[in-house]
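Notes to accompany the following structure.
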Amino acid sequence: MSQDSKVKTTESSPPAPSKTRKKLPVLDPSGDYYYWWLNTMVFPVMYNLIIIVCRACFPDLQHGYLLAWFVLDYTSDLLYLLDIIVRFHTGFLEQGILVVDKGRIASRYVRTWSFLLDLASLIPTDAVYVQLGPHIPTLRLNRFLRVPRLFEAFDRTETRTAYPNAFRIAKLMLYIFVVIHWNSCLYFALSRYLGFGRDAWVYPDPARPGFERLRHQYLYSFYFSTLILTTVGDTPLPAREEEYLFMVGDFLLAVMGFATIMGSMSSVIYNMNTADAAFYPDHALVKKYMKLHHVNRRLERRVIDWYQHLQINKKMTNEVAILQHLPERLRAEVAVSVHLSTLSRVQIFQNCEASLLEELVLKLQPQTYSPGEYVCRKGDIGREMYIIREGQLAVVADDGVTQYAVLGAGLYFGEISIINIKGNMSGNRRTANIKSLGYSDLFCLSKEDLREVLSEYPQAQAVMEEKGRNAEAAEIALQEATESRLKNLDQQLDDLQTKFARLLAELESSALKIAYRIERLEWQTREWPMPEDLTEADDEGEPGEGTSKDREGRASQERPSGPE
1 MSQDSKVKTT ESSPPAPSKT RKKLPVLDPS GDYYYWWLNT MVFPVMYNLI IIVCRACFPD
61 LQHGYLLAWF VLDYTSDLLY LLDIIVRFHT GFLEQGILVV DKGRIASRYV RTWSFLLDLA
121 SLIPTDAVYV QLGPHIPTLR LNRFLRVPRL FEAFDRTETR TAYPNAFRIA KLMLYIFVVI
181 HWNSCLYFAL SRYLGFGRDA WVYPDPARPG FERLRHQYLY SFYFSTLILT TVGDTPLPAR
241 EEEYLFMVGD FLLAVMGFAT IMGSMSSVIY NMNTADAAFY PDHALVKKYM KLHHVNRRLE
301 RRVIDWYQHL QINKKMTNEV AILQHLPERL RAEVAVSVHL STLSRVQIFQ NCEASLLEEL
361 VLKLQPQTYS PGEYVCRKGD IGREMYIIRE GQLAVVADDG VTQYAVLGAG LYFGEISIIN
421 IKGNMSGNRR TANIKSLGYS DLFCLSKEDL REVLSEYPQA QAVMEEKGRN AEAAEIALQE
481 ATESRLKNLD QQLDDLQTKF ARLLAELESS ALKIAYRIER LEWQTREWPM PEDLTEADDE
541 GEPGEGTSKD REGRASQERP SGPE
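So the sequence shown is numbered by full-length UniProt numbering: it starts at 1 and just counts up by one.
Below, the structure is given as structure tokens:
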């Protein structure tokens with residue numbers, strides 16, 4: 001009984017909790033974590049690539065900062081070791097699927113040349129320091145074998161950055177600096193081997209004032225190497241065989257470097273021109289066409305201003321050609337993320353299926369209109385609708401000056417013309433004049449594209465036609481109301497003009513009557529008797545003027561016979 005109870009007790013007891021270790025995740029080689037780790041590995045690789053040769057050729061640099069070099073050397077070795085661990089946890093694609101099995105990842109990694117180079121770069125050659133001393137940095141030259149990680153990091157950054165051409169130029173300048181740096185270090189080492197100050201070609205004797213400083217030694221060597229590799233000249237003639245060989249090698253390297261620089265810059269310029277041609281239309285051909293056909297200056301100026309507007313404001317008119325190499329679904333997702341919010345504002349497309357809107361988004365064509373340019377005229381046959389993305393357009397009268405309304409961003413027009421509505425009163429013709437006030441960016445959806453998409457969605461087509469019919473009825477009612485208001489305004493204006501003419505006639509009549517009355521009062525006041533003192537004064541006036549009675553007689557003769 002006791003054994004059975006022990007067995008039952010053992011069977012019924014819960015298993016002891018096992019200690020679980022946190023496993024390192026498998027990195028996606030196209031993911032962000034792997035990308036940032038590659039950028040981290042740039043620092044130790046560049047450190048070894050630049051500093052080791054400099055320490056080997058400039059002894060003062062090695063002796064003066066020995067403790068700092070030990071810290072930096074073994075920090076870079078630690079990063080090298082961590083990089084091997086990361087490589088053991090970096091997946092790979094097999095038939096398009098990421099492999100996360102660490103056993104398969106490890107077996108694949110150890111069979112590559114990268115694993116052998118990574119191991120060779122970590123061989124502890126520093127152990128020879130025990131016998132030869134710590135001032136031989138050339139023992140760490142095997143760290144250069146990790147340079148492929150630097151190239152991989154640069155390639156990933158070039159594909160991810162938003163400015164690949166600028167990055168290519170910066171990378172080229174870095175390579176040029178490394179080459180000149182190495183050459184300057186070798187020049188100083190050769191000068192030390194041949195003897196400082198032995199001739200004009202080698203580095204001057206450090207015993208001279210100013211030439212013993214480490215910074216001056218490096219800058220002089222760097223300047224001398226720059227002169228040689230750029231083939232500028234102005235360098236002392238070599239005097240020994242070693243110096244001749246060094247100069248010949250540098251000249252050959254300069255020729256290769258010049259060809260590399262020219263090829264890289266040509267590639268960058270070509271890529272920039274290709275990108276501009278893909279994003280913006282080529283205006284050189286249009287300008288040549290207009291010149292051959294003697295287009296008038298005003299129209300030619302408008303065309304040039306339109307192209308200039310596209311270039312300055314980075315406007316694209318051929319989005320379909322730019323995205324044509326993407327898979328259809330991915331192209332649709334990109335277009336939806338950019339334009340779906342604009343298309344969903346259109347009333348007839350609201351509450352439609354998401355798949356229908358995705359297909360319609362791919363059919364949108366961006367267009368840019370210049371100031372004063374008509375988008376459509378009244379009576380034109382409507383073959384497309386427009387959605388305003390940016391800018392302002394005016395609904396104008398036939399004279400092109402009178403504005404009835406101003407349309408802004410987010411509004412649309414012409415949707416009725418592209419839907420085949422039975423009983424359409426306008427006959428799919430434009431009912432208004434639309435003119436661009438400034439530079440306006442619009443999306444255009446043609447009738448053929450809409451018909452092609454709606455052929456797969458008959459229910460949506462019926463709903464759109466119903467919405468279009470209601471919109472047309474509302475538009476007709478709005479036009480009738482507008483015309484009625486205009487007639488009322490015309491009638492009121494005529495009434496006001498009539499009243500104004502009457503008031504003007506009455507005003508002229510009153511002014512004429514007032515003038516006659518004033519004139520009559522003036523003559524009446526002249527007949528009033530004057531005081532005696534004034535009469536005597538008049539009688540004693542100057543000779544030749546006559547008495548007051550004479551003057552009154554002359555006045556009575558000159559008085560006009562006005563109306564009583």
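Note that the Cβ used here is the ideal one computed from N, Cα and C, for glycine as well. Since the model is a prediction, treat every value here as computed from it, not as a measurement.
- Contact between residue 188 and residue 57 is confirmed by a C-beta separation of about 5 Å, below the 8 Å threshold.
- When Cβ pairs closer than 8 Å are counted between the two stretches, the region 141 to 158 is seen not to touch the region 248 to 268, the count staying below three.
- Following the DSSP letters along the chain, one finds residue 446 inside the beta strand (DSSP E) bounded by residues 440 to 446.
- A contact is defined here as three or more CB-CB pairs under 8 Å, and the region 120 to 130 fails this definition with respect to the region 156 to 164.
- The DSSP assignment places 92 to 94 and 97 to 99 as complete runs of the beta strand (DSSP E) inside the region 50 to 123, in order along the chain (cut-off: 3 residues).
- Around the beta carbon of residue 131, fewer than 16 other beta carbons sit within 10 angstroms, so the residue counts as exposed.
- Bounds of any beta strand (DSSP E) do not take in residue 392, whose DSSP letter is neither H nor E.
- Residue 349 sits away from residue 386, with the two beta carbons spaced by 8 Å or more.
- In this structure residue 346 is buried. Its beta-carbon is surrounded by 16 or more other beta-carbon atoms within 10 angstroms.
- Nearest to residue 334 by alpha-carbon distance, out of 256, 315, 352 and 359, is 359.
- When DSSP states are grouped into helix, strand and coil, residue 355 belongs to the helix group.
- With a threshold of 16 other beta carbon atoms within 10 Å, residue 76 meets it and is buried.
- Going by C-alpha positions, residue 341 is about 42 Å away from residue 24.
- Residue 206 sits away from residue 222, with the two beta carbons spaced by 8 Å or more.
- Bridge pairing for residue 366: 443 [DSSP].
- Nearest neighbour of residue 46 by Cα position, chosen from 389, 380, 174 and 235, turns out to be 174.
- Separation of residue 344 and residue 487 (C-alpha to C-alpha, rounded to the nearest whole angstrom) is 37 Å.
- Inclusion of residue 168 and residue 268 in the CB contact set at 8 Å is warranted, their separation being smaller than that value.
- Secondary structure of residue 385 (DSSP, three-state): strand.
- In the three-state reduction of the DSSP assignment, residue 512 falls in the helix class.
- With respect to residue 440, residue 390 sits close: the two C-beta atoms are nearer than 8 Å.
- Here residue 300 has 290 as same chain residues with Cβ atoms under 6 Å from its own Cβ, once five neighbours each way along the sequence are excluded.
- If you check the CB distance, residue 310 and residue 368 come in under 8 Å.
- Following the DSSP letters along the chain, one finds residue 136 in no beta strand (DSSP E), marked with neither H nor E.
- The alpha helix (DSSP H) runs lying completely inside the region 235 to 301 and spanning 4 residues or more are 241 to 279 and 283 to 292, given in chain order.
- A straight line joining the alpha-carbon of residue 383 with that of residue 97 spans about 47 Å.
- Counting every other CB atom within 10 Å of its CB across the protein chains shown gives residue 140 a total of 16 or more, marking it as buried.
- According to DSSP, residue 413 shares a beta bridge with 386.
- Ranked by how close their Cα comes to the Cα of residue 319, the residues 288, 365 and 312 have 365 in first place.
- Per the coordinates, the alpha-carbon of residue 199 lies some 20 Å from the alpha-carbon of residue 226.
- In this structure, residue 134 lies away from residue 52, with their beta-carbon atoms at least 8 Å apart.
- DSSP, reduced to helix, strand and coil, places residue 418 outside both helices and strands of the structure shown, so it counts as coil.
- In the structure shown, residue 30 falls within a coil segment according to DSSP collapsed to helix, strand and coil.
- DSSP places residue 162 in no beta strand (DSSP E); its state is neither H nor E.
- Residue 345 sits in coil when the DSSP states are folded into three classes, being neither helix nor strand.
- Counting along the chain, the unbroken beta strand (DSSP E) around residue 436 starts and ends at 433 to 436.
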